[in-house]
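**Q** Would you mind keeping the following structure in view while I ask a few things?
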Amino acid sequence: MSRYEVVHTNAFRYQAPVRASYNEARMTPSQGRGQRLIDFELDIDPATSRYEYTDYWGTRVTSFEVLRPHSQLSIVGRSVVETAVIDIAQRSDATWGDLRDEAQRDRMSGYLMTSAATEVPGEVCEVARSYADVEEPDSAAVSISLALRDEMEYVPGVTTAHTLATEAWHVRKGVCQDIAQLTVGALRSVGIPALYVSGYYDPRDGADLDGATVIGQSHAWVEWWAGSWRAFDPTNRAPVGDRYIVIGRGREYADVPPFKGVYTGGGTSALDVSVAMTRRN
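So for the sequence shown, the UniProt record's numbering puts the first residue at 1; every next one is plus one.
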């Protein structure tokens with residue numbers, strides 16, 4: 001088990017003062033599945049009232065609006081979270097017959113439906129099917145994740161938050177968001193329920209790093225259901241462990257963006273993002 005202190009900053013600067021802005025932040029770490037939220041606070045500058053709720057997918061959302069002129073907007077989330085590695089031996093494995101059961105498919109329908117963001121081309125479906133034909137669901141999901149990752153080059157700046165899985169596949173380049181959405185679409189194409197997960201990742205490994213602060217990463221990975229939920233990071237080709245912090249789960253990136261909003265006036269805007277993670281074992 002690990003304990004993390006996380007400071008996540010979103011700082012917007014506007015070309016000219018905006019008259020008003022309307023915003024949503026998804027920066028509160030989740031509870032459950034090996035994770036416990038000990039403390040969280042969200043600082044917003046300019047100060048304003050806020051409304052908090054839990055969305056359809058279980059992610060905590062802070063909604064707020066700034067109704068006076070402002071030239072910058074700062075949103076800082078500070079959290080203390082405990083994470084643990086889930087014992088894989090405690091999982092139950094489903095067969096393909098279990099996944100094809102009509103009642104089961106109905107329960108998992110939200111995790112099986114594709115969308116423009118996660119739809120994958122025929123050649124990706126063929127890759128997924130080649131493993132689904134010879135392996136059981138959980139093992140096939142791992143193989144599919146690794147096979148697609150081998151085809152994708154991690155290159156920041158080539159794609160955007162709005163890039164579709166098909167578009168990323170055509171250029172064979174992208175970041176964690178693209179790789180996760182591509183994997184989700186491939187798993188769903190063979191009938192494996194899958195989720196897109198948004199959160200933080202500590203790139204370090206080793207117990208000697210206790211107390212050291214590192215520039216962490218806003219990250220994305222996947223979860224699939226094959227008798228029980230399993231989390232896997234296709235970008236780093238590894239199961240998800242206690243160096244990962246979940247913010248939210250959804251069908252695709254659009255369900256769990258860390259921040260989204262609109263504003264009136266102000267011209268263009270620039271965004272600076274930083275994530276600082278301190279491990280306290």
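Glycine residues also receive a C-beta, built at the ideal position from the N, C-alpha and C atoms.
1) Who does Tyr263 pair with in a DSSP beta bridge?
2) Given a cut-off of 8 Å, decide if Gln35 and Ile247 are closer than it, judged by their beta-carbon atoms.
3) Alpha helix (DSSP H) containing His170: first to last residue?
4) Go ahead and pull the three-state DSSP assignment for residue 282.
5) Given a cut-off of 8 Å, decide if Phe40 and Pro29 are closer than it, judged by their beta-carbon atoms.
6) Roughly how far, in whole angstroms, is the beta-carbon of Ser101 from the beta-carbon of Tyr196, given that I think they are within contact range, below 8 Å?
7) In chain order, what residues of the same chain have a beta carbon less than 8 Å from the beta carbon of Glu119, not counting five sequence neighbours either side?
8) Between Pro234 and Val222, which are expected to be in contact by the criterion C-beta below 8 Å, what is the C-beta distance as a whole number of angstroms?
9) Please list the terminal residues of the continuous alpha helix (DSSP H) segment that includes Gln177.
10) Assess contact between the segment 74-81 and the segment 2-22, defined as three or more Cβ pairs (one per stretch) separated by less than 8 Å. Is contact present?
11) Rounded to whole angstroms, what is the Cα-Cα separation between Arg3 and Asp242?
12) Rounded to the nearest angstrom, how far is the Cβ of Arg172 from that of Met152, given a contact under 8 Å?
13) Just tell me which of Gln72, Asp98, Met27, Ser63 has its CA closest to the CA of Asp45.
14) Would you identify the three-state DSSP class for Gln72, choosing helix, strand or coil?
15) With respect to the alpha helix (DSSP H) encompassing Gly120, which residues constitute its N-terminal and C-terminal limits?
16) Could you name the residues of the same chain whose beta carbon sits closer than 7 Å to that of Pro121, not counting the 5 residues immediately before and after it, in chain order?
17) Can you say whether Leu271 is buried or exposed, counting buried as having 16 or more other CB atoms within 10 angstroms of its CB?
18) Run through the DSSP bridge pairs and tell me what Thr54 is partnered with.
19) Tell me whether the beta-carbon of Ala226 lies closer than 8 Å to the beta-carbon of Ile192.
20) Can Val134 and Tyr200 be called in contact, C-beta distance under 8 Å?
21) When you compare each of Ser198, Ala94, Arg280 to Gly211 by their alpha carbons, which one comes out closest?
22) Compute the distance between the beta-carbons of Gly267 and Ala16, then report whether it is under 8 Å.
23) Starting from Gln104, trace the beta strand (DSSP E) both ways and give me its first and last residue.
24) Assign Val6 to one of three DSSP states: helix, strand, or coil.
25) With Leu195 as the anchor, note down where its beta strand (DSSP E) starts and where it stops.
**A** This is what the structure holds:
1) Ser21
2) Contact flag unset, no.
3) 165-171
4) Only positions 1 to 281 of the chain appear in this structure, which leaves residue 282 out of reach.
5) yes
6) This sequence places Asp at residue 101; Ser is not what is there. In fact, because the Cβ distance is near 24 Å, the residues do not count as touching under 8 Å.
7) Leu164, Ala165, Thr166, Gly185
8) 6 Å
9) It spans 176-189 - the alpha helix (DSSP H) in which Gln177 sits, taken as one unbroken run.
10) yes
11) 9 Å
12) That pair is a contact at about 6 Å.
13) Gln72
14) strand
15) Note that residue 120 is Val in the sequence shown, not Gly. No residue range can be given for Val120, since it is assigned to no alpha helix (DSSP H) and is classified by DSSP as neither H nor E.
16) Thr166, Trp169
17) By the neighbour-count rule (16 or more Cβ atoms within 10 Å), Leu271 is not buried but exposed.
18) Arg60
19) In this structure, Ala226 places its C-beta atom within 8 Å of the C-beta atom of Ile192.
20) no
21) Arg280
22) In contact: Gly267 and Ala16 (Cβ atoms closer than 8 Å).
23) Premise fails: Gln104 lies in the alpha helix (DSSP H), 102-107, not in any beta strand (DSSP E).
24) strand
25) 194-201
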